[in-house]
Structures are given as C-alpha cells and as structure tokens.
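There are 4 protein chains.
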Amino acid sequence: MERRKVGILGATGMVGQRFIQLLANHPWFEITWLAASDRSAGKPYGEATNWKLDTPLPAQIAKMIVQPNTVPTAEQLASGEVPRIIFSSVDSPIAKELEPAYANAGCAVISNSSAFRMAPDVPLVVPEVNSDHFGLLETQVSRKQNGGFLVTNPNCCAIGLVLALAPLEQKFGIESLFVTTMQAVSGAGYPGVPSLDILGNVVPFIKNEEEKLEEEVGKLLGAFKADETAGTGSIDLLDAKVSAHCNRVPVIDGHTECVSIKLKTPASYEQMVAAWREFQPLRAHHLPSAPLHPVEYDEAENRPQPRLDIARGNGMATTVGRLRPCSLLDWKFVLLSHNTVRGAAGAAILNAEILAVMGKFKFAGARQEALVNA
Amino acid sequence: MERRKVGILGATGMVGQRFIQLLANHPWFEITWLAASDRSAGKPYGEATNWKLDTPLPAQIAKMIVQPNTVPTAEQLASGEVPRIIFSSVDSPIAKELEPAYANAGCAVISNSSAFRMAPDVPLVVPEVNSDHFGLLETQVSRKQNGGFLVTNPNCCAIGLVLALAPLEQKFGIESLFVTTMQAVSGAGYPGVPSLDILGNVVPFIKNEEEKLEEEVGKLLGAFKADETAGTGSIDLLDAKVSAHCNRVPVIDGHTECVSIKLKTPASYEQMVAAWREFQPLRAHHLPSAPLHPVEYDEAENRPQPRLDIARGNGMATTVGRLRPCSLLDWKFVLLSHNTVRGAAGAAILNAEILAVMGKFKFAGARQEALVNA
Amino acid sequence: MERRKVGILGATGMVGQRFIQLLANHPWFEITWLAASDRSAGKPYGEATNWKLDTPLPAQIAKMIVQPNTVPTAEQLASGEVPRIIFSSVDSPIAKELEPAYANAGCAVISNSSAFRMAPDVPLVVPEVNSDHFGLLETQVSRKQNGGFLVTNPNCCAIGLVLALAPLEQKFGIESLFVTTMQAVSGAGYPGVPSLDILGNVVPFIKNEEEKLEEEVGKLLGAFKADETAGTGSIDLLDAKVSAHCNRVPVIDGHTECVSIKLKTPASYEQMVAAWREFQPLRAHHLPSAPLHPVEYDEAENRPQPRLDIARGNGMATTVGRLRPCSLLDWKFVLLSHNTVRGAAGAAILNAEILAVMGKFKFAGARQEALVNA
Amino acid sequence: MERRKVGILGATGMVGQRFIQLLANHPWFEITWLAASDRSAGKPYGEATNWKLDTPLPAQIAKMIVQPNTVPTAEQLASGEVPRIIFSSVDSPIAKELEPAYANAGCAVISNSSAFRMAPDVPLVVPEVNSDHFGLLETQVSRKQNGGFLVTNPNCCAIGLVLALAPLEQKFGIESLFVTTMQAVSGAGYPGVPSLDILGNVVPFIKNEEEKLEEEVGKLLGAFKADETAGTGSIDLLDAKVSAHCNRVPVIDGHTECVSIKLKTPASYEQMVAAWREFQPLRAHHLPSAPLHPVEYDEAENRPQPRLDIARGNGMATTVGRLRPCSLLDWKFVLLSHNTVRGAAGAAILNAEILAVMGKFKFAGARQEALVNA
C-alpha cells in the first residue's frame, strides 16, 4: 500500500524524536523530510540529534540529511521534495512565524506547539473528544487557496485530562473542577530540567502551564457552532470553572493528575466508571494509533502510577483510578497519561490519522506527490 | 540548670531517632530511658537501632540499654527509673494499648501516634495554633488521680497545613479548601516504602491519610469550649469543608501541599501575606524549639521546594509561596513542612515545651524525680 | 505446534513475575502450574501476587490457582498435573531443600537460585558461554534414574560480565580483572531495598555479592573435562584473578559494570571490538529468546546507560562501551545487562531452550505428558 | 579581631555559592568583593545568582553589587576596592586568562579551576597531604615582584582519594591502585547534568575526569624537591600506577569511590585503620575549616553512604569503610567525600587558611589594606 509522505519540523528535539519513533513503522505515513534549526541543518540526523529514547534510532532515519526550516517553495512542494503533511514540534516563538507560513505555502501543519492553540480559527483537537472542531479548518484562508491548513493538539496535561473529562461531560455535564498535576521532566524537553532542581525534589511551578491547562480544557470541551451560511463556524467555550496547580516531580515520563469534580447531573460510582469504560468514539475508524480503550479505569486502591501504567494502549490510553467522593465537590479521582506519546507526538499523529480518514488532505494539484510510491 | 528526665517509647523507629537527634542537646529535657519492642529490649541502643539520620548517633545514647515497653510500676516511677515525661512514637495498635496505660500509671504521654488524636478528651495540639485545647487535659481521669495525661500532635501533613491556615482562620475565616499533598518517603518509616514503588514514580495513595488530614484540620482549628462548672471542656470542630488528595513522591524529607481556599471575609494578596508574616503567637514564651517565624512566605515564583526550604527554622517553620487567585475558590498557594521534624518528633517536643511553660508537669509526689540532678 | 508444559516455583516474587511475562507468548513453553509459599497457595495468582511489571498480568495467568510448593508425587507427574519442566526462583534456603527433591522426583529443575551454583555436579550455564557444561548433568543421580536434573544460571552481575568476557577469553585469554558494579534495586526483589536507603544515595555493599561474582566467573569460564570412561566429567575453574566491588544505585533495572582487564595475549582496540561483535555462538540454533547479537559494542563516548540501552536484544543483550587503555592492566570498558531479564528469568528460559534443542528433556515414561495438546 | 578582605571570581556559579556559604561567618576572612561574567556584573548578587543551597543567602551578600571580572588596577588594589586574596571558581578557559593576570597584578589567587593544576610552578595542594608543595610559590615571578601568586586545589574526586591515600603512602608506600568513582551531579555545576540523563540512570562518562584524577594523584603525592641554591624547587611525581573509571550517579552531593590498592610494604587491617585514624597532620594549626579527623574509618559493613556520611567534619572529612582483602592487589575499600565542600570551595578556603598561618599573604605595600577594620 502507498503511504503518505510526511515531514517533521523541529525533528531533533524530544518531541521530534518521539515523532520518529512512533512513525517508524506507521502503515499510513512515511517520513521523507526532516528539518531543524540552522545548527543542525546539513548534518545527517544521527549526528544532529542527541537521541534520548530507549529504542534505537532507525538506521535509515539516521542517514537522512537534516534540512533547514525555511518555508518551502511551490517547486519543492510540487516536486514532493518537501511533503505536504508537516508535523511541527518547534518552540512557540518559531512556531508563530513558521507554521502559518507553511500553511500558506500549501502544507497541512499538524502542530504540537502552543503558539496557535487558542486562535479562534485553529482547531485544537483530541480526536476522541472533539473531532468536529476540525470544522474550523474551513475558516482558514490557506485552506481555500491551496489546501494548506494548521491544526493543533493541546498541552500534555490537558490531553490526559480531557480524555477523562469528555465521557463525564457528555453524560453528566461538568460544572467545575480542581486539578493538581505532578508532571514528568520529559515534558520540558532536553536539556530541560536541571538534575539539581529535581533529584529528590518537587518544583511547584511550571511557567504558563496552569494558564494553558485551564483555558485549553474550555476550548476542547467547547461546542463547535457551524455557521452554515458562511460555511464556517466557531467554538463556544465550555462554561465550567477550572482551577489548576502544576508541579514538576522526578519522573521521566507520565503526568499524574489529581482531580475533584462537580457535575451538573449527579452520577453514581458505577455510572462514572461505566462512562469511562464505554468511551470508544473512534472504534469505527480503525486508526492505527488509537487505543482500543482511550480511558482505562483501574480499581486497585493505589493506581494509576507512572512506572506501572504509562504504557497502556501503547502510551495512548489514559488510566483513571481512585474514584471516591469529594467532601467539597462531587467526586475525586486520579489520572495518568504519557506526556510525550499521548501528550505530544502521538496526539499529533492521531490528529493526522483522523484527518486522513476525514479526507482533509487535499492539496491544490498535489494529490499524487503526497503518496509514496509503493 | 536542672533538666527534666524524659523517656521515649518506640525509640528505635524513624520518629524515635528524630526524638533522639532533636533532644541531644535540649536545654530543658534529658533522655534517661529508651524503650522499644521485645526484639530490641535488652540491647544497647546502638545495636538495636538502624540509625538512618545524617548526624551521628550520640555516643552516650548508643550505650543506653533499650528497655521493654511494659507499663512502669509505681516503684519505677517513684525511683525515677522510668521518667514521668514519655514521648511516644509507637505504631497505632500498640499506642492504643500502651499510651492510656502509661497515663494511668502517672506519666505525661506526649504522643505522635494517630491512635487517640480524635478522642474527645485528648488534646490534639500544634502550640502556635490551639494551645488552649490543653484545657481538655482536665477531663482526663488520670490527670486528677496522679497527674498523668495524654496529649497528641497531628499527622505530618496536617501540621504544616494548619500552620498556614491558622493565621487565615483567625483573620478572615475559612469556608472551604482543597489540598493535594506530595509526601516524602520518610513519613512511612523504615523500611517503609520499597524503592521499586517510588524510584521515578508517584504513588497516588497513602492508607487513611486523606481521612486523617481532613478530620484533624477540623479539630485543630476548632474552638475549645470550657465547661466552667465541671472544670472541663470540649472542642467545637471547625465548620469548613476540607477535601484532600494525598500522594507519595520520591523525596526523602518534606511534604509539599497545594492548597486552594475560600475565605469567609475577602482578603487581598497583601493581607494574606501579612497574616502569615505577622503570625508569631509563641514569641513571648521563648520555647527552645519554636521557630521565630512559624510561617515564612517566599515571594519567588517557584518556591517552596523540599530540597531548598526544608531546613527553615531548623525544620520547624512552614514555608508558603505562590499565592495567586483561584478561579474556583479564592486563593491558591503552596506550602512545605518538614515531615519528621515539624511533622513528628519536633511537634511532640514543642508540645512538651509549652506544657512545661504552662506548668502541666505536676505529678503525684514526684516533682523531684522528674528533674535530673545538675 | 505443541508446546511443553512448564511450571514456576516461587511464582509470586519479582523473578517469578518476569518468568510469567517472558513466557506469556513463548512458542515452545506454556505455563500450566504456578507454586508459591503457603501464604499464597490456594489463591488465584492475581490475588496472591503484587504485580510490579509495566506490562499487564495476562488474564489467564491471573485466574490460575497458586499451588503449594510441596514436592510432586509420581501420580502428579504422570498425570501431567505438575509439569516436568520447573523454573525455580525461590530463595536460597528454600531452594536448598526443594530443588534436589524436585529433581529426584523426576523434574528438570532450571533454577535461578544461588543455592547450587557452585556444586560440582550442577551445571552453571550461560548458553552462549559454556553450554558444554551441561555434560555435568550425566553425573547427577536423578538423571539416570528418572530423567530429573538440576541446572542453574549465574548471579545477575555474573551473566552480563561473562558475556562480555567469553569472546575475550576465547580469543586472547584472561589473566586478571577488576570489576565494579552499580546494580539496580530490582535485583533485591520486592519489597527489597527500602527507599530511604537508596533515594539520592549509593550503598557500597550487597551481601555476598562480591563473593558470588568472583567465584561464578571462574566456574562459567572454566573448562568442562569429560571423563569418558565414567561417562561423566568435571569443571576446571578458570585460572584468573577476579576482584569485585559491588554497589547498589538508584536505578530500577540494569546493572552497569566497570571492568579493567589483563589479557594473556595482547589485543588491539579493533580486535577487542571485533571479538565482541562477531560473538554469535547460538546463531545456528534459532532459540526464541537468544538475541541475534549477545554482545553489542556501542562506540559513543558515554554509553552504555541503563535508561537507554537496557532493552537491547529484548533485554537479553549485553551492551559494551568505552573501550580504552588501562594504565594498570590492559584495557578498561563498561558493560550493561538487564538484571531481571538476562540476569534472571530470561537466563533460565534460555537455558531451557538450549536444553530442549539438546534433547535433554527426556523423562522416564513421561514424554507425552510433557507436551500440551495443541 | 580584624579579618582579611577576600573576593570571589566566578561568584554566581555553584562553587561560588559554596564559597559564600562557607565564608559567611568565617573568623579570618570577610567577603568584600564579588565578580562574575558580564551577564551578572552590575546587578545585586541576589538577583544575579540562582541560589541553589539549602541555607539562606546571607542578606548582606544579596545586596552586594556584582563586579566585572576585569583585572584590577594598581589603584583598585591599593585602595582595597579589590581585595588581595581572590578565591577563583571560574571555568577553565576563563581561568587560563584571568588567574595569571590577577596574580601578576599582585593578588593571591586561590583557585578551584583545573587550568593550572598541573603547571610545574603552581602548587596543587591539599593541606593535610602536601602543604610543603607551597614551596613552589617561590618559583612564581609575580611572587617576587609584588607578592601575587597562584595556588590550586585538586579535582573533587582527587581530594577525597588523596586524603585516604596519604596516610597509606606515608606509612606503607603505594605501588598501584584502581579507583571507580560514583559522582554526584553537583560536581557538574548548574544547570549541569540534565535530569533526563540521570534520573534512574548511571552515566559512565565524565569528560576529562579520569585523566585529571590519574595525573593529579601523582602530583599531590609527589615529593617537593627544594633547589636551595636557586631558592626554588620542583615536584617529583609519585611513581605509582593509577587507573580510574568515573561515573555519574543520581546523587546531589557526595562522591563515592571504590578503591583497590597495592602497597609497597604489607599492612594488616589494624595497621591500615590505624593509619587513617591517627592521621591528623594539621592539628597544631587550629585552622577554622580543618576537620579534627580528616579521615574517619567506619566499621559498619555498608558505609560510607552519601546520604548518611556526607556531613562528617562539616563536609570536610573523608569517610572510609569496607576495608577487605583484594584478590588482585592487596586491599579494597570505599571512600566518600563531599564534592562541593571538601572537593571545591572548602578545599580552597583551607588552602587560604594554611597560607595565612604560613605567612604567605605579604603584598607589596599592601598589608594594611588586606585587613578589614574591626
């Protein structure tokens, strides 16, 4: 079968490495282009990167020459030299400049950056939760011109959280919630958190993280309102209060979150657990990276734990546990999500998979080039 | 100056070791008796214990023979062989049996155990917060008979928390609060938490901890109502909702707590910080273990942290930081407290110091024996 | 294809769990019997064990009832109720009693215990290194009587070390070596090392470990001398001085070892690396658990590292790096080996695989029962 | 009493912070000048630094304005604006340029940098071990011209090691030794080791560390040979083979080292331990930072450990343990030393103290300015 060519912007960073690891044997996508900053451009990827994952760097990727992250020309796109589907994991200031430029040039930019998540015309999507928000794509100018567009996935904490919240919002409605995170160091990239700051320690602060988490939940669980006349639409933010405390802990991968929640309609323990276990919105699509159960509820008294539960659903499932009454709101529970798989590269790849199924990869005179010859 | 003789029940455990460390050069108390379970009794303390602190075991303590933890006879007390002031750090099931028996025999039992904290006639005291609760002592039968009594200090999480809450309760009133703890492994004693459970991990469960924390806060911040006719009294629990999430993290010493709070009377940032900084209720007493500032507010954006702030006030101060608005309640903040100093042995010693100042150490025909000859 | 029935003695411990994980989809063996101490016997395995691995406990294993570890009767073996092939990971004192009894009853006992490793008639084998030592089996009385026998694999440190040493011994001869280990906590089982002892710490002592490592290397690299008249044989220990320093470090899985070595015949850097890379003694056998490259040499200046290299060869390969001259002996290098996969359960399974290929599983009147019906 | 004015070059780094902490209440020295790179110069120290120690930054130091690290003029020295005694902890490339310039300008530069440790005319000194090497000062040109000079202390690993070796060299002679280090992350400064590299991991490589350790031991234990005619001298390096393996482990402070040693004269266990315990070469000098016992031998089977033994002698003592026979050389033992106290700032301060006692602080026309008015 033919696979679509994809590229990675910011290929040498920690999230870039996860893209490479997760796309290594992907049935639908094939990496044909890697770009990074000037420091890395021109070098073989194996030299340019400081590979920090515990699976080996694929040999054919190691040999690929890292390209500069300059915006591609029409020729580069037409020839297939630069692929039409671009996964982006560049830092926010660079994303601000490059991502719209790539979209305007005619690429589908699937970004893990925070730069445009809250922009009114940019879908912020977790496929199991709000794939209807992709309707916002039609409001993007580039989309109409040449098929290019920009979509984003949320902050690593927000993804695990909304996966646990979505079934509750759908069945019972959410009035307010309180969340305290205990976040892994891989979320800060490499070199990221100095060991002197985190060995045997807790740092009760991550810059802008609480703000992102509070506002992204509102957009993710918001409603897409189509404007059928104009063929566009917008998002009504969720009307719920969210209060977040974010902490860094000495864990490599896996964000743990303690949640207290008040529902609009009361729910029993059994109803809550059933809502999570029955949540399988993508089942019909057979997406390669979608876990069979996006939310797994574990009844053990001391789960989830990063060391034991991080790999569930190949790192794409959220594990929930310890559901118990809250003396202030309604219920308390704990959730865990893999922050660099489900919370970053895997989230973007799942967005690309659902976009493929939805037929959104249609580019001006470019369909052929988007496919790799079998 | 003469120092009062004191003994330690449960001397070989982690809290017992802290008692020994903190009492090593205490100006008012001198350890003359160490007791532990049958396994240790009869051995020199240096052999019986597995010393786990980073200061050396004092040589004269190492040589003391560990006594069995049997209830002392009248002769042993009268002769001074067993001291009248007993610090207890035995496990709860043993405390249930031994502590009342020691009190009935005529000892002042100053306990760190959870067994009797919520008993209606037992003071649960943090001296800066509710030393008036010692009024409950007069309701204890032993007290009238022979001067013996039983007092307790709270759970390690509750102590740091109520130190931060007391100034707020006094000035503004507390309506409700959330607290998520990230607790150090030393709180579980030795051997305690297996390394396979906590290295690079978070365990979102500590047995009975959330229940203890929620209920002890209510008693600590409750009001002592004297019944002047009967010469006794009782505690009216604080009428505030408290919801706790407790977690274990890979930190040796120092419990970090994330708090969201709703006040009865609105308060500004400046008023909150002033309430903490001006809180010095014990200043007049010059207690040897009382920190000058029981609550220190740090304005840095990323404090408090266990590794950097645990030693403030010789481990007896609570550090508060990151005061900021809460979108759900009124304010969010973070606090840190040393769990085996302020949260255990130091708490009991401070209780003993304030009891000494209040003149509560009066035993039937025993005053002389309670003092060490200079 | 039919798979041979196997059982596990000591199934609930950490190594027992690894046996279950690694045998879950084994093409040659199927777990049909689990035994543990009286505390666990009679319970479903899922209840009896405290599963500590990051892959889920297989559902069909969770339901199996744990059997008592009593020696099987002839009927239990004849009926196939107790399988003929028994993996053992019980503690040494229990192994001393049970393992010979199981062998005498007619079982092939493949043990990870240290109890009989140095016994003159018991093979201590790493298949890539000294599978000819299985010749010792013929000296075991049970072998002749009913086909039962006892084989062992070495200490977790010794396995990684001899895999790196064997190619050097074969090509150049070893005169002496130093080895300093930095060992993971999983080697001590569960609960094992208390977190208070190892968080942010190094413990320069592991009971009996240095002795085991020094003596086991001598036997593993020793020569099997067949006594053809008697149809038996014995091991001539390697005539090399080995000096070991063993340390515990805060790592979950993966023993790192620093080695300095003096060879009998000088070797260049290229010859050393080639010896490791060309070492593939089992290639012809296509054993399911044998890594293609038992020794991988990594040229990066800072490898191997537990976090990055532990999974090579599915945890069965030894990674070697940093070969450089030693100012005291000839060469210095570093090696890494997965201590609970290659160093324990995987070692025993590989022994079983080579024994199967060698046709050593022949039991008195029992061949049929040893196979699971397809 | 008057205290000598001292300054710190590189005051904002991790070692700079230790200088400030250790000099805070020093009886002989007072910090009057702090310098750092251009990025920090001009700011109050409290703003310029990222204080990472667990004792508070002294308030008067926090207010001091950080000076540029330019070489002082004669006027600045004459006026006392820049003190004559300069502790230096700048990076090696900067040290190469600045330290000789400061010495030539007339300062006593007491450096922790590696830049000049092996220079033939620069003393590399641990006061308990080789204070006679200060005789090399007389070979420095600046010394004769204006009193300025440059002295260094060794690498953090070398200090702990030579303290344990010196008593053995003096009594029995050393023929060869093998040392494997397990080094704390604080040795790499801040931000230093990324947490992704060291959490739950071991890194078997520290750039240039093995080379430094091997060569510095040779110089430290070498003999100063005075050339009495010329009034100068030189060092005869120790004629012993030293082989080092250096590793980074997840420990905050405290380097652990495993040593095997061959002596020239055989020694018994008792003689070895006595050599360490009786080693008190500085006792007569009453230096403020010198530990009473520079080498403490601990007989417990599992000591020394960073978490338990790092603070001995206020971080200035080396703890030795586990003396046992080595099957390859003569003896094996383990040692521990605090790498940022004894291994860096404390080492330089102790050098300054012994230099003061030896009367080496004599500057051209400057004696008065070197003292702070009482």
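Chains as they are written, first to last, in UniProt numbering: chain A, 1 to 374; chain B, 1 to 374; chain C, 1 to 374; chain D, 1 to 374.
Virtual Cβ for every residue (Gly too), placed ideally from N, Cα, C.
Contact belief for residue i with residue j at Cβ below 8 Å, rounded distance in angstroms
i               : j               : result
A244 of chain D : L168 of chain D : Not confirmed; about 17 Å, so no contact.
C258 of chain A : T180 of chain A : 5 Å
M358 of chain C : F134 of chain C : 7 Å
G42 of chain D  : I65 of chain D  : 7 Å
G128 of chain D : L282 of chain D : In the sequence under discussion, the amino acid at residue 128 of chain D is Glu, which differs from the Gly named in the question. The pair is a contact, with the Cβ atoms about 6 Å apart (cut-off 8 Å).
I174 of chain C : L163 of chain C : Not quite, the Cβ-Cβ distance comes to about 14 Å (not below 8 Å), so this is no contact.
L220 of chain D : L124 of chain D : 6 Å
F172 of chain A : T265 of chain A : 5 Å
Rounded straight-line distance, which links the Cα of residue j to that of residue i
i               : j               : result
L328 of chain B : E214 of chain A : 11 Å
T152 of chain B : R18 of chain B  : 17 Å
I86 of chain B  : S234 of chain B : 25 Å
K207 of chain A : N302 of chain B : 9 Å
N373 of chain B : K63 of chain B  : Note that N373 of chain B scores a pLDDT of 37, beneath 50, so its modelled location is shaky; the value from the coordinates is reported in the next line. Whole-angstrom Cα-Cα distance: 20 Å.
M272 of chain C : L323 of chain C : 8 Å
K96 of chain C  : S88 of chain C  : 11 Å
A370 of chain B : P325 of chain A : Any reading at A370 of chain B must be qualified, since the residue scores a pLDDT of 43, below 50, and its modelled position is unreliable; no value is offered.
T49 of chain C  : L57 of chain B  : 39 Å
L335 of chain D : V202 of chain C : 12 Å
Q76 of chain A  : E270 of chain B : 59 Å
G16 of chain C  : L136 of chain C : 26 Å
D330 of chain D : G321 of chain D : 15 Å
D54 of chain A  : V6 of chain D   : 49 Å
L355 of chain B : S337 of chain B : 23 Å
G231 of chain C : I20 of chain C  : 36 Å
S260 of chain C : P204 of chain D : 14 Å
E210 of chain B : Q60 of chain B  : 40 Å
Sheet register partners of residue i (DSSP bridge)
i               : result
V203 of chain A : A:R248
T232 of chain D : D:D227
E257 of chain D : D:T181, D:L335
L263 of chain A : A:I174
F241 of chain D : The sequence given here has Lys at residue 241 of chain D, not Phe. Looking at the DSSP assignment, K241 of chain D forms a beta bridge with D:S176.
V295 of chain D : D:T318
V109 of chain C : C:I86, C:L150
K212 of chain B : Its beta-bridge partners do not exist; DSSP assigns none.
K219 of chain B : DSSP, once it has assigned bridges, lists no residue as partnering K219 of chain B.
Inside the segment 7-94 of chain A only - beta strand (DSSP E) runs reaching at least 3 residues: 29-36, 85-88
At least three beta-carbon pairs within less than 8 Å, the segment 290-298 of chain A to the segment 189-196 of chain A: Three or more beta-carbon pairs separated by less than 8 Å are not found between the segment 290-298 of chain A and the segment 189-196 of chain A, which leaves the two stretches without contact.
Touch test, the segment 16-34 of chain B against the segment 78-96 of chain B, Cβ-Cβ under 8 Å, three pairs minimum: Yes: at least three Cβ pairs fall under 8 Å.
Ordered list of alpha helix (DSSP H) runs contained in the segment 297-365 of chain D, each at least 4 residues: 306-309, 346-357
In chain order, each alpha helix (DSSP H) run of at least 4 residues that lies wholly inside the segment 111-193 of chain D: 127-130, 141-146, 156-171
Segment contact, 8 Å Cβ cut-off, at least three pairs: the segment 245-255 of chain D with the segment 340-353 of chain C: no
Cβ pair count under 8 Å reaching 3, the segment 214-228 of chain C against the segment 155-175 of chain C: yes
At least 3 beta-carbon pairs within less than 8 Å: the segment 140-151 of chain B vs the segment 183-191 of chain B: no
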